[in-house]
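The structure appears right after this line, and notes come after that.
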Amino acid sequence: MNASFPKNPEPLWRKTTAMPHFPSLTEDIHVDVAVVGAGMTGIATAYLLAKEGVKAALFDAGEIANGTSGHTTAKITAQHGLIYDELIGHFGKEMAETYYKANEAGAACIEAIVKELGISCDYSHQDAYIYANRDQDLAKLEKEWQAYQTLGIKGEWLDSLPVDISVKKAIKMEGQAQFDPLAYLKPLVTFLAENNVPVFENTTAKEIEYGKPVKIKTDKGHTVSCNTVCVCTHFPFCDAKGLYYTRMYPNRSYLIAVKPVKPFPGGMYINAGQPVRSLRGVTVNGEKLLLVGGENHKTGEGEPMIQHYEALQDYAEKTFGIEKFYSRWSAQDLTTLDKVPFIGPITKNEPNVLIATGFRKWGMTSSHLAAMIMRDKIVNKPNPYFKLFSPQRFEGDPMVKKFLSTNLDVAGHFIEGKLDLPDKSLQDLQQGESAIVRMKGKRAGAYKDEDGKIHVLDTTCTHLGCEVNWNSGDRTWDCPCHGSRFSYTGEVIEGPAKKPLKKIAEE
Ligand SMILES: Cc1cc2nc3c(=O)[nH]c(=O)nc-3n(C[C@H](O)[C@H](O)[C@H](O)COP(=O)(O)OP(=O)(O)OC[C@H]3O[C@@H](n4cnc5c(N)ncnc54)[C@H](O)[C@@H]3O)c2cc1C
Ligand code: FES
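For what it's worth, our numbering labels the leading residue of the sequence shown as 815, then goes sequentially.
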């Protein structure tokens, strides 16, 4: 028995696959298409464009595929939790059907790429299940099942699951898939390098000048000019233009990889209620492991984050038994107010600045759908999915209601954080501990690292001024307003913020 909790967060995929590295941009360049952000979306987009012979270049602020795509569960499915009944309600039957077909197309695109490049990435077909294990979730699941029938989605209504979890009812969607995301992306990046598509790491897009050409200024002062830019930076780095920070909210989840005592029979599972529990198997070096995910919450909010890992560990122990604990990690994704991603021009007046974001933790299919939509916009091909995913789509009632509550929430965080009182003095801090303190009359965040050094930062988020909160699970400062995250030394880990937190003291 070796079920000890890993000290540091590290996604399993970083242990299974080492990605190649690339230089940063050191001069001004011009390309036809600049693909900014090298996660699943950016890499798939650059790959599809390269196959069309478009002259593109790919940029990332850090290391490629180390954003959400390197931290995902990597289920490839059109079963996006409970969604179809809601989509019929918001958009009507035709658009809900379009959503399903679009995500099937995204999944088919991944399978085609796996085949055409002969990628060995633990890709396998799996059935996807969503289940209700509590009476209060049953009505929602029944409605979802009715939506499957209305839309002609192939599924089964079940009384039990192949896995040993007792349920009231479940819906099976057959023939979905799963893979190792980094093992999949690595050959795509190799393809780019072999086909003269430059890739740049450690090159952050800071500013954009709209026009023809579009000009992007990088953090090191270089200019990338291009006819079209595909903004695949998760949160669009140029978010002000379409006020995207008012139209999406970030949500974090946690994952653990364990060797279970009870063998896992395969399949991909998620429950219909709270707290979320998501399951899939994975084989690493011949060993059959189990990924357990869930514990969703808005970024920067909620109980001490470490407790979310403990809750997953507790669930895995009780449900399967844990023989060995491999990895733990967490990540966040963005949800739009109507739950449908934004893929297309950033505003109707900027047809050459394309964005792809708001995948609601279902970005394996959505990233490839986005890559196809952006490719077709660029090479002027028709695409049946332009309209539904357009960031300029009509914002009906549900969006307006959610808009008000999300932004009131942001306003609340803005004021609330400023009124916080200090919770400890610097002298009382233990190693590995953080606290809110007052320094020079301001709210400040202090963290004492493993070497005993204390890092004190101004906790005012450099995006729009909300107050960041401590994330004990990942040792980061997270902003509850739009999801920016900062290391304990202040560097930006995740946008929309572009500037580090201000250092107040180091001792
Ligand atoms: C815990 C969790 C589990 C999930 N599980 C699943 C699942 O099972 N199935 C599924 O379909 N989806 C899942 N998702 C969702 C999916 O992982 C994401 O939607 C998807 O990975 C997003 O890909 P992306 O390329 O858009 O973003 P990212 O992978 O985050 O890539 C964005 C890239 O842009 C770079 N960047 C950011 N700002 C700049 C800048 N200014 N300049 C240059 N580069 C920049 C970043 O460094 C990063 O590499 C999950 C998400 C989470 C959080
Ligand atoms: S991310 Fe917008 S204020 Fe912090």
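In this text, a Cβ means the ideal position worked out from N, Cα and C, and glycines have one as well.
Cβ-heavy atom distance, residue i to ligand 1, below 7 Å
i, result
"G1107", "yes"
"Q963", "no"
"F1300", "no"
"H939", "no"
"D1053", "no"
"W1284", "no"
"H1048", "yes"
"K1076", "no"
"A1145", "yes"
"H1269", "no"
"G867", "no"
"N1016", "no"
"K889", "yes"
"H885", "yes"
"L996", "no"
"D936", "no"
"S1141", "no"
"A1170", "yes"
"S838", "no"
"K1034", "no"
"N880", "yes"
"K1175", "yes"
Own chain, CB closer than 6 Å to residue i, minus 5 neighbours either side, in chain order
i, result
"P823", "R1142, W1143, D1288"
"A1125", "E1109"
"T855", "C1046, A1170, S1181, A1184"
"S1204", "G1158"
"P1001", "L931, I933"
"K869", "V845, D846"
"K1195", "none"
"H894", "W1176"
"D941", "K986, E988, G1081"
"K957", "D899"
Element boundaries [alpha helix (DSSP H), containing residue i]
i, result
"L923", "Reading off the sequence, residue 923 comes out as Cys, not Leu. Looking at the DSSP string, the run of the alpha helix (DSSP H) that includes C923 is 907-930."
"M1188", "1177-1192"
"L1105", "Careful: L1105 lies outside any alpha helix (DSSP H), inside the beta strand (DSSP E) at 1101-1112."
"A860", "854-865"
"V963", "Per the sequence shown, residue 963 should be read as Gln rather than Val. 949-965 is the extent of the alpha helix (DSSP H) around Q963."
"L1002", "995-1008"
"K1201", "1200-1203"
"E1247", "Counting along the chain, E1247 falls outside any alpha helix (DSSP H), and DSSP gives it neither H nor E."
"A1125", "1120-1133"
"R828", "826-830"
Beta carbon of residue i nearer than 8 Å to that of residue j
i, j, result
"I1169", "V1045", "yes"
"I1136", "P1079", "no"
"G903", "T882", "no"
"L1006", "A864", "yes"
"Y943", "Y1083", "yes"
"F1173", "I1187", "no"
"F873", "V850", "yes"
"V1106", "V1072", "yes"
"I1268", "R1257", "no"
"I1160", "K1055", "yes"
"N1065", "H1111", "yes"
Boundaries of the beta strand (DSSP E) in which residue i is found, first to last residue
i, result
"E1023", "1019-1023"
"R1061", "Note, R1061: premise wrong, no beta strand (DSSP E); not H, not E."
"D941", "938-946"
"R1289", "No beta strand (DSSP E) holds R1289; DSSP gives it neither H nor E."
"H1048", "Unbroken run through H1048: none, as it is neither H nor E."
"S1301", "1299-1301"
"G989", "983-992"
"S1092", "1091-1098"
"G1259", "1256-1262"
"A870", "870-873"
Cut-off 7 Å between Cβ atoms - residues of its own chain near residue i, not counting five sequence neighbours on either side
i, result
"P1118", "S1286"
"F993", "A888, I890, C935, D936, Y937"
"N816", "Confidence at N816 is low in this model, with a pLDDT of 48, below 50, so its placement is unreliable and the value that follows should be read with caution. K1138."
"D1211", "Any reading at D1211 is ruled out, since the residue's pLDDT is 49, under 50, leaving its predicted position unreliable."
"Q1244", "K1262"
Close-in-space but distant-in-sequence residues of the same chain around residue i (CB under 8 Å, 5 per side omitted)
i, result
"P1027", "H844, S1039, C1040, N1041"
"E1308", "G881, H1048, F1049, Q1146, G1297, S1298, R1299"
"N947", "I979, S980, V981, K982, N1085, G1087"
"L975", "Y943, Y945, V981, A984, G1081, Y1083"
"S818", "F1139"
"G966", "E911"
Contact with chain C by residue i, beta-carbon distance below 8 Å
i, result
"S1248", "Any reference to chain C falls outside this structure, which holds one protein chain only."
Legend entry - Around ligand 2, Cβ to any heavy atom closer than 5 Å, ordered along the chain: C1275, H1277, L1278, C1280, C1293, C1295, H1296, S1298
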